[in-house]
Amino acid sequence: MPQSAEKILDHAPLFREPEYRQMLAEKKLNFECPHAEQIVTEQGEHTKTWEYREKNLAREALVVNPAKACQPLGAVFAAAGFERTMSFVHGSQGCVAYYRSHLSRHFKEPSSAVSSSMTEDAAVFGGLKNMVDGLANTYALYDPKMIAVSTTCMAEVIGDDLHGFIENARTEGSVPPEFDVPFAHTPAFVGSHVDGYDSMVKGILEHFWKGKERTKAAGTINIIPGFDGFCVGNNRELKRLLNLMGVSYTFIQDASDQFDTPSDGEFRMYDGGTKIKDVRAALNAEATLSLQHYNTRKTLEYCREFEQATASFHYPLGVKATDEFLMKVSEVSGREIPETIRLERGRLIDAMADSQSWLHGKKYAIYGDPDFVYAVARFVMETGGEPIHCLATNGTPAWKAEMKELLAASPFGKDAQVWPGKDLWAMRSLLFTEPVDLLIGNSYGKYLERDTGTPLVRLMFPIFDRHHHHRFPLMGYQGGLRVLTTILDKIFDKLDRESMQLGVTDYSYDLTR
Amino acid sequence: MSLDYENDSAFHEELITQVLSQYPNKAAKRRQKHLSVATDSEEVGEEGQISECDVKSNIKSIPGVMTIRGCAYAGSKGVVWGPVKDMVHVSHGPVGCGQYSWSQRRNYYVGTTGIDTFVTMQFTSDFQEKDIVFGGDGKLEKIIDEIEELFPLSKGITVQSECPIGLIGDDIEAVSRKKAKEHEKTIVPVRCEGFRGVSQSLGHHIANDAIRDWVFDKGEVEFETGAYDVNVVGDYNIGGDAWASRILLEEIGLRVVGNWSGDATLAEMERAPKAKLNLIHCYRSMNYICRHMEEKYGIPWMEYNFFGPSQIEDSLRKIAKHFGPTIEERAERVIAKYQPLVDAVVDKYWPRLQGKRVMLYVGGLRPRHVITAYEDLGMQIVGTGYEFGHNDDYQRTGHYAKKGTLIYDDATSYELDKFIERIRPDLVGSGIKEKYPVQKMGIPFRQMHSWDYSGPYHGYDGFAIFARDMDLAINNPVWDLYDAPWKKTTVPAERLAAE
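Those protein sequences? They're chains A and B, same order as listed. Position one of the first sequence corresponds to residue 372 (our numbering), numbered consecutively onward. Position one of the second sequence corresponds to residue 62 (our numbering), numbered consecutively onward.
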């Protein structure tokens with residue numbers, strides 16, 4: 372009997388006990404009708420070949436293990452970054468259960484959002500009634516300051532008109548006349564979560580800015596972070612830097628407190644976020660800076676309609692990207708970058724110099740959202756690493772062109788290939804045929820690590836199987852230090868693992884590295 | 062080990078009145094029907110009935126209230142079909158549904174993923190605007206061809222419809238028929254669009270019907286049958302549950318010829334009609350196919366419960382009785398064999414868990430099936446409810462729930478938070494969306510869908526893990542650290558006002 376009260380075995384060791392191994396072997400043999408082992412092995416080997424890779428990359432319709440989610444997830448994340456704002460997603464209710472679960476699994480935090488719970492009758496007659504009743508219930512139960520409405524693909528396919536519906540609901544008294552209900556259409560069959568983010572932030576700005584006069588407040592800056600699973604660490608780090616510079620700034624969309632509430636006996640359904648009065652005032656800012664270009668294309672265009680200066684970055688991580696961000700902030704605000712920040716920068720460079728021999732020439736595969744992949748490829752090259760595969764399932768031709776330009780500007784980028792629109796099953800072929808030392812991505816990459824043996828560094832949303840990484844910054848010089856350390860740990864752990872066999876490989880099991 | 066206790070009916074009635082008072086009238090009227098307190102059973106003589114848990118259920122959720130429920134797609138792809146390991150399950154429509162449900166149910170299986178098994182992969186048709194406008198049937202055809210090319214060892218394909226499919230009028234049945242013929246493989250179209258029905262539940266039903274219509278009787282099944290052949294139905298092998306169950310069934314002398322659908326292969330489903338008995342664990346999600354097999358093939362079915370020693374023992378005896386003295390005798394031997402383990406586990410954990418009060422809010426079978434497992438450890442259930450139960454689930458709950466237990470159907474986040482805040486149980490068992498709000502309140506929590514990344518919880522081996530997990534959740538020192546020592550109390554003002 373494998374189990375005992377003294378030493379309770381978890382699933383991993385339990386099912387490796389002889390009783391279970393025999394049971395599972397017999398199940399397979401007698402009941403599963405499996406393929407012959409040799410056929411499975413051969414097919415497994417075949418998937419590692421260039422021949423399979425070519426067929427795999429030539430896929431036109433099937434998508435396998437994509438690294439992207441759908442628009443409304445981005446909208447729900449975006450809305451979570453505003454003061455006491457409840458996300459209301461118009462359409463089928465299962466979607467909302469999925470967004471909430473997805474965000475909770477990454478942040479290990481509550482994630483609140485409601486659905487208008489449309490069913491078959493709403494598919495026929497439209498979801499107006501659901502909107503009218505839904506807004507009234509949400510307003511009564513959850514005491515929000517604002518309700519941000521987005522859509523599932525069901526509502527988009529049947530063509531529900533959010534603006535009209537919301538006005539109808541207002542007329543029927545679902546919410547008070549002046550209550551803020553911004554909205555964004557977020558069809559799941561267009562773009563990805565980064566576009567949903569863009570649409571929701573733009574929807575909120577439109578709600579507060581439309582028809583208003585702008586009185587320019589010189590030197591003030593808006594910052595839009597974009598969809599960022601590391602918002603908790605990143606936003607706080609950037610605020611620290613901006614405070615050190617003495618800049619007058621507003622984060623437009625800031626979920627850093629919402630997704631990092633304390634445990635002290637009280638469940639805070641809402642915490643932190645951009646204040647509504649600050650969203651209004653943000654119209655007057657001199658400039659709006661986006662930290663993630665591909666998350667804010669529409670939003671920045673809208674800002675420009677008001678003659679705001681705009682600039683966008685690709686997830687300011689690493690040395691030069693942080694330099695550029697700070698210099699831009701300095702230029703717009705007229706504030707100097709203080710000596711303390713220069714020293715911080717120096718400490719990151721110091722760390723990179725200390726470790727350069729371990730990083731020089733290392734080959735990387737990087738996947739994730741377009742701005743993230745750009746940022747990591749750039750930083751990796753700053754350490755002497757060589758990006759080999761840069762893949763974004765939600766990458767566009769414009770992203771590909773930008774990546775090419777970045778990679779062409781460094782000798783370390785000469786062997787890099789850029790893969791917009793490809794998925795992680797394509798990455799599997801790439802890793803088998805053109806192997807690398809490290810894979811950088813998110814938790815989904817663990818299947819690639821298992822299949823190809825490429826060590827995985829988790830640096831992007833979603834991270835389900837490691838805890839608390841998102842509480843620490845990746846952006847800025849401090850963030851650079853963390854990324855550097857994470858990569859180095861992975862390299863050293865692998866070196867140790869490969870050299871720890873007693874009396875065989877442990878001549879290289881060095882105490883000091 | 063039957064535990065004798067009663068819950069505070071008056072207090073629970075008052076809680077219901079309180080939460081309803083916060084709703085707009087129309088919604089309050091509708092929600093009222095879903096909330097109740099278990100009363101003494103009126104059905105005198107109804108075997109095993111100990112209380113009435115009478116609420117309305119399986120009705121549309123109210124818009125805007127934050128229901129915990131999912132959709133028909135979740136019920137079909139996520140629950141019933143997803144675990145069938147040697148088939149490729151295509152999430153047909155936009156990318157999100159498949160992405161959010163990817164690898165999240167912990168349906169354990171053995172196989173070479175990507176080669177001969179495919180459970181922890183996300184196959185999607187990733188619909189774009191043009192597919193919505195011009196229809197996705199052409200794309201689906203191409204997808205099936207590409208699966209054949211790249212995953213030739215897959216035994217079949219299911220097409221799991223997402224919302225747009227039914228709205229744009231695609232004919233996935235025609236595509237499936239055509240391609241099944243062409244590739245000589247099982248291809249199953251499933252009409253589980255998320256807007257159908259009121260919860261996951263209709264998705265289960267639709268998925269069951271798809272097995273009936275597209276898997277059964279499609280060809281000759283060669284299989285040597287035996288007198289003790291059973292199917293285990295409605296065990297999804299979460300954290301290995303079905304394995305910890307199978308080992309017991311085999312030990313008492315039965316032959317588990319199919320397990321639905323955790324760690325299942327298509328072959329196991331195809332031959333199901335040849336079994337002698339269907340053993341159903343999750344009644345809610347798979348009773349439909351059991352009833353069909355009874356009607357069409359004359360296979361009887363029997364509900365059982367493998368959570369906690371009292372129920373395991375009862376179930377083993379009940380199952381064995383069906384097969385006669387030989388099996389009965391073996392069942393007794395098996396029960397006796399595991400008794401020392403049960404005793405040791407109970408001895409170890411009873412003193413640490415005795416009298417702890419638990420609130421449950423889960424789906425499927427668990428809101429009732431796990432009650433006795435807790436009671437086997439001396440714990441008490443103060444409240445329970447189903448995300449997507451039907452009337453027959455609440456009837457069955459009367460066999461488990463004690464008088465005064467708070468009953469909530471399709472509870473909203475608002476209701477759950479208020480109930481938990483006022484009752485302040487020692488443990489809450491629910492899902493990922495409920496986990497963190499509860500823990501913020503300083504109340505221990507275990508996910509009772511995914512076993513909180515632990516498990517198995519079924520069978521004797523699983524019971525030991527279950528007991529350990531409940532102990533480590535409740536008796537962790539972190540819960541005593543919530544109050545900063547310089548602050549007298551952190552009880553929220555709202556709760557003080559209510560008291």
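The beta-carbon is built from N, C-alpha and C at its ideal position, and this holds for glycine as well.
TODO: Identify, in the order they occur along the chain, each residue of the same chain with its Cβ nearer than 8 Å to the Cβ of A/Thr509, setting aside the five sequence neighbours on each side.
DONE: Mapped onto the first sequence, residue 509 of chain A falls at position 138. Cβ contact annotation for A/Thr509 (same chain, cutoff 8 Å, sequence separation greater than five): Met457, Phe459, Val485, Pro515, Ile518, in chain order.
Open item on the list: Report the start-end ranges of each alpha helix (DSSP H) in the stretch 701-762 of chain A that is 4 residues or longer and not cut off at the edges.
Closed with: 710-730, 741-753
Open item on the list: For a contact defined as C-beta to C-beta under 8 Å, what are the partners of B/Glu393 on chain A?
Closed with: Here residue 393 of chain B corresponds to residue number 332 of the second sequence, with the count starting at 1. Here the premise fails: no neighbours, minimum Cβ distance about 17 Å.
TODO: Closer than 9 Å, Cβ to Cβ, to anything on chain D: give me those residues from the stretch 176-187 of chain B, in chain order.
DONE: Looking at the structure shown, chain D is missing, and the protein chains on hand are A and B.
Open item on the list: Which residue wins for smallest C-alpha separation from A/Lys699, given the options A/Leu609, A/Leu444, A/Leu660?
Closed with: Residue numbering aside, residue 699 of chain A sits at position 328 when the first sequence is read from its first letter. Nearest of A/Leu609, A/Leu444, A/Leu660 to A/Lys699, Cα basis: A/Leu660.
Open item on the list: In whole angstroms, give me the CA-to-CA distance for B/Asp206 and A/Ser879.
Closed with: As a first step, residue 206 of chain B is located in the second sequence; it is residue number 145 there, counting from the start. As a first step, residue 879 of chain A is located in the first sequence; it is residue number 508 there, counting from the start. Cα-Cα distance, rounded: 50 Å.
Open item on the list: Please list, in chain order, the chain B residues whose beta carbon lies closer than 8 Å to that of A/Asn508.
Closed with: If you number the first sequence from 1, residue 508 of chain A lands on position 137. Think of a sphere of 8 Å around the beta carbon of A/Asn508: the chain B residues whose beta carbon falls inside it are Tyr84, Pro85, Ala88, Ile123, Pro124, Gly125, Val126, in chain order.
Task: Given B/Gln400 as reference, the closest of B/Lys216, B/Ile120, B/Ile176, B/Ala525 once Cα atoms are compared - done: Against the second sequence, residue 400 of chain B aligns to sequence position 339. For B/Gln400, the nearest C-alpha among the options comes from B/Ala525.
Open item on the list: I believe B/Asp324 touches B/Pro144 by the beta-carbon criterion, under 8 Å. Please report the beta-carbon distance rounded to the nearest angstrom.
Closed with: In the second sequence, residue 324 of chain B corresponds to position 263, counting from 1. In the second sequence, residue 144 of chain B corresponds to position 83, counting from 1. Contact holds; Cβ gap of about 7 Å.
- [ ] Tell whether a beta-carbon distance below 8 Å holds between A/Tyr848 and A/Leu762.
- [x] In the first sequence, residue 848 of chain A corresponds to position 477, counting from 1. In the first sequence, residue 762 of chain A corresponds to position 391, counting from 1. Not closer than 8 Å, so no.
Open item on the list: Just to make sure I have the definition right: I need the residues of chain A whose C-beta is within less than 7 Å of the C-beta of B/Asp522. Which are they?
Closed with: Position 461 of the second sequence holds residue 522 of chain B. The contacting residues are Pro373, Gln374, Leu385.
- [ ] Measure the C-alpha to C-alpha separation of B/Gln165 and A/Asp786 and round it to an integer number of angstroms.
- [x] Along the second sequence, one-based indexing puts residue 165 of chain B at 104. Along the first sequence, one-based indexing puts residue 786 of chain A at 415. When rounded, the distance between both Cα atoms is 36 Å.
TODO: Count the other CB atoms, across all protein chains shown, that sit within 10 Å of the CB of A/Val528; report buried if there are 16 or more and exposed otherwise.
DONE: Numbered from its first residue, the first sequence carries residue 528 of chain A at position 157. Label assigned to A/Val528: buried.
- [ ] Compute the Euclidean distance between the alpha carbons of A/Gly824 and A/Gly415, then round it to the nearest angstrom.
- [x] The residue labelled residue 824 of chain A in the question sits at position 453 within the first sequence. The residue labelled residue 415 of chain A in the question sits at position 44 within the first sequence. Distance between the alpha carbons of A/Gly824 and A/Gly415 is about 14 Å.
- [ ] Take B/Ile373 as the anchor and find which of B/Gly523, B/Gly196, B/His353 has the nearest alpha-carbon.
- [x] The residue labelled residue 373 of chain B in the question sits at position 312 within the second sequence. Per the Cα distances, B/Gly523.
Task: Inter-residue Cα distance where the pair is A/Tyr620 and A/Ser627 - done: In the first sequence, the residue the question calls residue 620 of chain A occupies position 249. In the first sequence, the residue the question calls residue 627 of chain A occupies position 256. Cα to Cα, the separation comes out at about 16 Å.
- [ ] Measure how close the beta-carbons of B/Val317 and B/Arg332 come, nearest whole angstrom, since I'm counting them as under 8 Å.
- [x] As a first step, residue 317 of chain B must be located in the second sequence, where it is residue number 256. As a first step, residue 332 of chain B must be located in the second sequence, where it is residue number 271. With a Cβ gap of about 12 Å, B/Val317 and B/Arg332 do not count as contacting.
- [ ] Would you mind working out which of B/Phe212, B/Leu64, B/Asp278, B/Ile272 sits nearest A/Gly411, comparing C-alpha positions?
- [x] On the first sequence, residue 411 of chain A is found 40 positions in, with the first residue counted as 1. Note on identity: in this sequence residue 411 of chain A is Val, with Gly being the wrong assignment. In terms of Cα proximity to A/Val411, the closest of B/Phe212, B/Leu64, B/Asp278, B/Ile272 is B/Phe212.
TODO: Verify whether the separation of the beta carbon atoms of B/Val156 and A/Cys466 is less than 8 Å.
DONE: The sequence position of residue 156 of chain B within the second sequence is 95, counting from 1. The sequence position of residue 466 of chain A within the first sequence is 95, counting from 1. Not a contact, by the Cβ cut-off of 8 Å.
- [ ] Give a yes or no on whether the minimum CB-CB distance between B/Leu557 and chain A is below 8 Å.
- [x] Walking along the second sequence from the start, residue 557 of chain B turns up at place 496. Here B/Leu557 scores only 49 on pLDDT, less than 50, and its place in the model should not be relied on; the value that follows carries that caveat. Output row for B/Leu557: interface = no.
Task: Pairwise C-alpha distance: B/Asn320 and B/Lys417 - done: Counting from one through the second sequence, the residue named residue 417 of chain B turns up at place 356. Counting from one through the second sequence, the residue named residue 320 of chain B turns up at place 259. Cα to Cα, B/Lys417 sits roughly 35 Å from B/Asn320.
Open item on the list: With distance defined between alpha-carbon atoms, name the residue in B/Gly425, B/Ser215, B/Val259 nearest to B/Val140.
Closed with: Position 79 of the second sequence, counting from 1, holds the residue named residue 140 of chain B. Taking only the C-alpha atoms, the option nearest B/Val140 is B/Gly425.
Open item on the list: Can you pull the chain A neighbours of B/Ala336, defined as C-beta to C-beta under 7 Å?
Closed with: Taking the second sequence and counting its residues from 1, the one referred to as residue 336 of chain B is at position 275. Ordered by position in chain A, no residue passes the 7 Å Cβ test against B/Ala336, which lies about 11 Å from the chain.
TODO: List the residues of chain B that A/Phe832 touches, going by C-beta distances under 9 Å, in chain order.
DONE: By 1-based counting over the first sequence, the position of residue 832 of chain A is 461. Ordered by position in chain B, no residue passes the 9 Å Cβ test against A/Phe832, which lies about 12 Å from the chain.
Task: Three-way DSSP call (helix, strand, coil) for B/Val499 in this model - done: In the second sequence, the residue the question calls residue 499 of chain B occupies position 438. Per DSSP, reduced to three states, the secondary structure at B/Val499 is helical.
- [ ] For A/Leu450, collect the residues of the same chain with a Cβ closer than 7 Å to its Cβ; drop the 5 residues on either side in sequence, then sort them by chain order.
- [x] In the first sequence, the residue the question calls residue 450 of chain A occupies position 79. In the sequence as displayed, the identity of residue 450 of chain A is Ala instead of Leu. Cβ within range, chain order: Thr456, Ser458, Ala519, Met571.
Open item on the list: Which same chain residues end up closer than 6 Å to B/Ser112 when comparing Cβ atoms and leaving out the 5 residues on each side of it in sequence?
Closed with: Working through the second sequence from its first residue, we reach residue 112 of chain B at position 51. Closer than 6 Å at the Cβ level, and outside the excluded window around B/Ser112, lie Ala99, Ser102, Gly459, Ala462, Lys464.
Open item on the list: Can you tell me whether A/Ser728 is buried or exposed? The criterion is at least 16 other CB atoms within 10 Å of its CB, across all chains shown.
Closed with: What you label residue 728 of chain A is simply residue 357 of the first sequence in a count that begins at 1. An exposed status is given to A/Ser728, since fewer than 16 other beta-carbon atoms sit within 10 Å of its beta-carbon.
- [ ] May I have the straight-line CA-CA distance separating B/Lys239 from B/Ile123, to the nearest angstrom?
- [x] Within the second sequence, numbered from 1, the residue matching residue 239 of chain B stands at position 178. Within the second sequence, numbered from 1, the residue matching residue 123 of chain B stands at position 62. B/Lys239 and B/Ile123: Cα-Cα distance of roughly 41 Å.
Open item on the list: Could you give the first and the last residue of the continuous alpha helix (DSSP H) run that contains A/Leu499?
Closed with: Counting from one through the first sequence, the residue named residue 499 of chain A turns up at place 128. First-last of the alpha helix (DSSP H) with A/Leu499: 499-513.
- [ ] Determine the closest residue to B/Leu488 out of B/Phe506, B/Asp544, B/Glu495, B/Tyr475, with distance taken between C-alpha atoms.
- [x] In the second sequence, residue 488 of chain B corresponds to position 427, counting from 1. Considering only B/Phe506, B/Asp544, B/Glu495, B/Tyr475, the residue with the shortest C-alpha distance to B/Leu488 is B/Phe506.
Open item on the list: Suppose contacts are defined by Cβ-Cβ distances below 8 Å. Is B/Thr466 in contact with B/Gly439 by that definition?
Closed with: In the second sequence, the residue the question calls residue 466 of chain B occupies position 405. In the second sequence, the residue the question calls residue 439 of chain B occupies position 378. No, they are not a contact pair.
Open item on the list: Here's the rule: buried if 16 or more other CB atoms are within 10 angstroms of the residue's CB, otherwise exposed. What is B/Glu560?
Closed with: Your numbering for residue 560 of chain B matches position 499 in the second sequence. Confidence is the limiting factor: at B/Glu560 the pLDDT is only 44, short of 50, which leaves the residue's position unreliable, though a coordinate-based value still follows. Classification of B/Glu560: exposed, given that the 10 Å Cβ count is below 16.
- [ ] Use the C-beta contact count for A/Arg713: other C-beta atoms within 10 angstroms, 16 or more gives buried, fewer gives exposed.
- [x] Locating residue 713 of chain A in the first sequence gives position 342, counting from the first residue. Looking at its Cβ environment, which holds fewer than 16 other Cβ atoms inside 10 Å, A/Arg713 is exposed.
Open item on the list: Quick check on A/Arg837: does DSSP put it in helix, strand or coil?
Closed with: As a working note, residue 837 of chain A is residue 466 in the first sequence. In this structure, A/Arg837 counts as coil in the three-state DSSP scheme.
Task: Partners in chain B for A/Ile594, counting only beta-carbon separations shorter than 9 Å - done: Indexing the first sequence from 1 puts residue 594 of chain A at position 223. The premise fails here: A/Ile594 is roughly 27 Å from chain B at the closest Cβ pair, so nothing lies under 9 Å.
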